[in-house]
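Residue numbers (the UniProt record's numbering), protein chains in the order written: chain A, 1 to 530; chain B, 1 to 200. Backbone N, C-alpha and C define an ideal beta-carbon position, used for all residues, glycine too. Since we're looking at a predicted model, the values are computed, not measured. Step one of this worksheet: look at the structure below.
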Amino acid sequence: MKKFSNTLTALLVSLLLPIGVLLITVKVASLRGQPHKVNAQLSSEHITSVDHSQFEILQQDFESPHNVTEACLSCHTGRDEEIMSTAHWKWERETEIDGKGKVSIGKKNLINNFCTGANGNNGSCMRCHIGLGWKDKSFDFSDNRNIDCLVCHDQTDTYFKQKGQAGMPATSATANSSYQVPDYPYVAQNVGLPKKNNCGICHFYGGGGNNVKHGDLEEALLSCTQHVDVHMSYDGPDMACIDCHKTERHNIKGKLYSVSSMNVNRIDCEQCHSSTPHNDAVIDEHYIKVACQSCHIPVYAKANATKLYWDWSSAGMLDETEEPYSENDADGNHNYLSIKGNFVWDTDVKPEYYWFNGTADHFLTSDTITEVPVQINKLFGEYLDSTSKIWPVKVHRGKQMYDTEYNTLINMKLWSAQKGEGAFWKDFDWDESARLGMEYNERPYSGSYDFISTEAYWPINHMVSPKHETLRCTECHSDDSRLENLTDFYLPGRDKSKAIDYAGIGLMYLALAGIIAHLAGRLIAYFKNK
Amino acid sequence: MEKVKIYSRFERFWHWTQMMLIITLGLTGFEIHGSYHLFGFEESVRLHSASGWAFLVLTIFALFWMIVTGQSRQFVPVRNNVKSQVMYYISGIFRNEPHPVPKTPESKLNPLQRIVYFGLIILVFPVQLITGFLYLYFHYPDNPFALEGLETIAVLHTLGAFLLVVFVMIHLYLITTGHTIGSNLKAMITGYEELEQTEN
Chain A
1 MKKFSNTLTA LLVSLLLPIG VLLITVKVAS LRGQPHKVNA QLSSEHITSV
51 DHSQFEILQQ DFESPHNVTE ACLSCHTGRD EEIMSTAHWK WERETEIDGK
101 GKVSIGKKNL INNFCTGANG NNGSCMRCHI GLGWKDKSFD FSDNRNIDCL
151 VCHDQTDTYF KQKGQAGMPA TSATANSSYQ VPDYPYVAQN VGLPKKNNCG
201 ICHFYGGGGN NVKHGDLEEA LLSCTQHVDV HMSYDGPDMA CIDCHKTERH
251 NIKGKLYSVS SMNVNRIDCE QCHSSTPHND AVIDEHYIKV ACQSCHIPVY
301 AKANATKLYW DWSSAGMLDE TEEPYSENDA DGNHNYLSIK GNFVWDTDVK
351 PEYYWFNGTA DHFLTSDTIT EVPVQINKLF GEYLDSTSKI WPVKVHRGKQ
401 MYDTEYNTLI NMKLWSAQKG EGAFWKDFDW DESARLGMEY NERPYSGSYD
451 FISTEAYWPI NHMVSPKHET LRCTECHSDD SRLENLTDFY LPGRDKSKAI
501 DYAGIGLMYL ALAGIIAHLA GRLIAYFKNK
Chain B
1 MEKVKIYSRF ERFWHWTQMM LIITLGLTGF EIHGSYHLFG FEESVRLHSA
51 SGWAFLVLTI FALFWMIVTG QSRQFVPVRN NVKSQVMYYI SGIFRNEPHP
101 VPKTPESKLN PLQRIVYFGL IILVFPVQLI TGFLYLYFHY PDNPFALEGL
151 ETIAVLHTLG AFLLVVFVMI HLYLITTGHT IGSNLKAMIT GYEELEQTEN
């Protein structure tokens, strides 16, 4: 009986209870919180308070878009002042840049990594200005009649700014088969909150085509599956831009760091999701150092390719008839255009990752080149900065003109309506294009130029993937880490002390060798004594 | 020879639970370290944390038990016979000589065991527990006391882990050097071991 009870005790304390503890541990390790549900208020639920078609003032035969604006402002008083204080109107804003102090920068005066700069190429670039006809320096920014209300508020999808007209819709003088004079009463009577394509007409096609610039903002978002974007998908919540880019009195939340610098008025996933959305401590605490986007946007340019590289230096080659030509890559994207040079495009691009604290540098027109590649808009941040997070970034690399004497980047004159005005796209004369571009921008040009590598940074925010496509741990926590370039901190699974690993493994082999030698000695002794 | 109770129920429970937790911690820890793929990184992280907590609780119980029962004295190193124990392992054992220090319920551990276990209890376990919990809860630079990154903690924790692996290897081998090959193992399971009677 005693023996039985001893066996039972042994079984219990030496096997069952330890296994019990292990099972409880495994059970605890398997506990997961359910992610929090989100209840968002969408703009599509907004019910308009008036029927614009009832207003007599909108039933007139408008002569020009300016008259429509006047009509709008006759009821919506004060809105002109709101819009005219925004960067959408001014294309610049007061900014404080770390190390450079207060500057006023924006699309108006910044050099970019695509067509080098808007200023001086107004006919083409200013098509995306929310004004009417910013064709040169004479444009009157104080005239509220120059505001284009319709381009953002049109609900009929029939109002367009005409190509090459500096933001003007077609007039009876310029109308052609592609652009007709808008039916102003019809458009004006059907206005509402901006839809995706109101924003997209500029923000999707910037840089001369769909998805050229952002990589995560393109026309596929107008009608996409959850794989492309969980928020904007038609089989999901079908959100519009302004559902996240909340707007108060024409001040639209959100920052684009190719033109912004300051950590203000930004959008945060926390607007709808909390700061602990996973309801799971291990994953939630990543949020201290990792932006939501880093895990939830594993790739961008999911539907259509985005431009990753632009080499201006090869531009200007003409075919045997002295005409510009183009070549396509295997996917049908241009990889050469006489007017622009060589490109590299790609889809399903893995982002690069950078520390980012919401502030960015900008290469100003007054700056001289101190490093290569030239940093067009370096993102600030580092591990030890408590406000920095790891952010997925599209890096757009390029090669563009610079002044070899003054060591500055060059504003090129690219666009003109016809040949003979010195625009590169018509006359293919580098020197003339640089001279005219710099002159318009009131900057010195020495006459000697070459090409230099440049890099521009586009933090990725859109094209959030469904939950099951989220990055797995080992995408970062492994030897083959996506974060291989972020070396200013210790990342478990990626980093190790080689010395300790060698010493530890060496010690293990030593112990094993000792054990084997000792065991052999015992066996020999055992058989000898037998 | 007489059958003597040498390990109490709690000691055996403690030992075997500790074994399971150390194996789990080792397997999961080295997966997190990047040495191999086994459970999957996320599973390993969760298992490692949970096992770490279990290990902490078990250690607290064990410390409490050792102090209350006075068994802690078993782990205090002694100066006598260290040399003869070393000599036993490097020569006596091959000549079938008896163990130099008889095992008794009052002194279960030989002088070398005392040194090594004392080292584990006073150094390796605390270092692993402290670095482990710092790893879990103070790994970001903006925590109340900033530990600029994980590196020092992680390296110490890895070092401790390698020492434990080596300990386990040698420990497993030395189990077979008891009175008979299986006697040590049997004692840790049943609590009883056949011991030479010593005159008190």
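Taking Cβ positions only, does residue i come closer than 8 Å to chain B?
i	result
T454 (chain A)	no
F4 (chain A)	no
G493 (chain A)	yes
H477 (chain A)	yes
Y354 (chain A)	no
V26 (chain A)	yes
P277 (chain A)	no
R482 (chain A)	no
A513 (chain A)	no
V290 (chain A)	no
Judging by CA-CA distance, which residue of the options is the nearest neighbour of residue i?
i	options	result
P351 (chain A)	A:T156, A:E82, A:W458	A:W458
G33 (chain A)	A:E248, A:V282, A:N109	A:V282
L123 (chain B)	B:F138, B:A161, B:Y135	B:A161
S338 (chain A)	A:M262, A:Y184, A:W430	A:W430
T116 (chain A)	A:S49, A:N210, A:M401, A:V290	A:M401
Y353 (chain A)	A:V264, A:R249, A:N461	A:N461
S433 (chain A)	A:D280, A:E421, A:K496	A:E421
A291 (chain A)	A:N211, A:P324, A:Y383	A:Y383
N144 (chain A)	A:N109, A:S366, A:E96, A:R79	A:R79
E45 (chain A)	A:A301, A:I267, A:A240, A:E248	A:A240
N109 (chain A)	A:K467, A:D280, A:N119	A:N119
I think residue i touches residue j, with their Cβ atoms under 8 Å apart; what is that distance to the nearest whole Å?
i	j	result
I376 (chain A)	A456 (chain A)	4 Å
residue 544 (chain A)	K413 (chain A)	This structure gives no information on residue 544 (chain A), because the portion of chain A shown stretches from 1 to 530.
N265 (chain A)	K246 (chain A)	Not confirmed; about 10 Å, so no contact.
F160 (chain A)	Y184 (chain A)	Their Cβ separation, rounded to whole angstroms, is 13 Å, which puts F160 (chain A) and Y184 (chain A) out of contact at 8 Å.
L308 (chain A)	V344 (chain A)	5 Å
W65 (chain B)	F10 (chain B)	6 Å
H48 (chain B)	G29 (chain B)	6 Å
L42 (chain A)	D243 (chain A)	5 Å
With a 10 Å radius around its C-beta and 16 neighbouring C-beta atoms as the bar for buried, classify residue i as buried or exposed.
i	result
S104 (chain A)	exposed
A50 (chain B)	buried
E148 (chain B)	exposed
P126 (chain B)	exposed
residue 542 (chain A)	It is not possible to answer for residue 542 (chain A), since the shown part of chain A is limited to 1 through 530.
T158 (chain B)	buried
T17 (chain B)	buried
M1 (chain B)	exposed
E56 (chain A)	exposed
G381 (chain A)	buried
Q128 (chain B)	buried
K195 (chain A)	buried
P169 (chain A)	buried
Y135 (chain B)	buried
G70 (chain B)	exposed
K255 (chain A)	buried
I24 (chain A)	exposed
Y234 (chain A)	exposed
S138 (chain A)	exposed
T387 (chain A)	exposed
R46 (chain B)	buried
Does any residue of chain A have a CB that is nearer than 8 Å to the CB of residue i?
i	result
A50 (chain B)	yes
W16 (chain B)	yes
T190 (chain B)	yes
Y173 (chain B)	yes
G182 (chain B)	no
N200 (chain B)	With a pLDDT of only 42 at N200 (chain B), under the threshold of 50, the placement of this residue in the model should not be trusted, and no figure is reported.
Discussion item. Taking 8 Å as the cut-off, does the segment 472-481 of chain A touch the segment 412-422 of chain A (at least 3 CB pairs, one atom from each stretch)?
Written reply: Between the segment 412-422 of chain A and the segment 472-481 of chain A, the count of Cβ pairs shorter than 8 Å is below three; the stretches do not touch.
Worksheet item: Does the pairing of the segment 386-401 of chain A with the segment 445-456 of chain A give three or more beta-carbon distances under 8 Å?
Response: By the Cβ rule, the segment 386-401 of chain A counts as touching the segment 445-456 of chain A, because three or more pairs are nearer than 8 Å.
Practice prompt. Would you check if there are 3 or more beta carbon pairs closer than 8 Å linking the segment 308-321 of chain A to the segment 219-239 of chain A?
Written response: No, the segment 308-321 of chain A is not in contact with the segment 219-239 of chain A.
Worksheet item: Using 8 Å as the threshold, is the segment 287-307 of chain A in touch with the segment 121-130 of chain A, meaning 3 or more CB pairs across them?
Response: Taking a cut-off of 8 Å for Cβ pairs, the segment 287-307 of chain A and the segment 121-130 of chain A do not touch, as fewer than three such pairs fall below it.
Worksheet item: Are three or more beta carbon pairs between the segment 491-506 of chain A and the segment 9-27 of chain B nearer than 8 Å?
Response: With a cut-off of 8 Å, the segment 9-27 of chain B and the segment 491-506 of chain A do not count as touching, because too few Cβ pairs lie within range.
Worksheet item: For the 8 Å Cβ check, are there 3 or more pairs between the segment 88-98 of chain A and the segment 216-223 of chain A?
Response: Cβ pair count under 8 Å is below three, so no.
Worksheet item: Below 8 Å, can you find three or more Cβ-Cβ pairs linking the segment 64-72 of chain A to the segment 175-191 of chain A?
Response: Touching, yes.
Discussion item. Using 8 Å as the cut-off, can you tell me whether the segment 481-499 of chain A makes contact with the segment 327-344 of chain A, which would need three or more C-beta pairs spanning the two stretches below that distance?
Written reply: Contact fails: fewer than three Cβ-Cβ distances are below 8 Å.
Worksheet item: Should the segment 144-157 of chain A be called in touch with the segment 196-204 of chain A, which here means at least 3 C-beta pairs below 8 Å?
Response: Judged by Cβ distances under 8 Å, the segment 144-157 of chain A makes contact with the segment 196-204 of chain A, as three or more pairs qualify.
Worksheet item: Below 8 Å, can you find three or more Cβ-Cβ pairs linking the segment 442-452 of chain A to the segment 266-280 of chain A?
Response: Fewer than three beta-carbon pairs drawn from the segment 442-452 of chain A and the segment 266-280 of chain A are found closer than 8 Å, and the two stretches are therefore not classed as touching.
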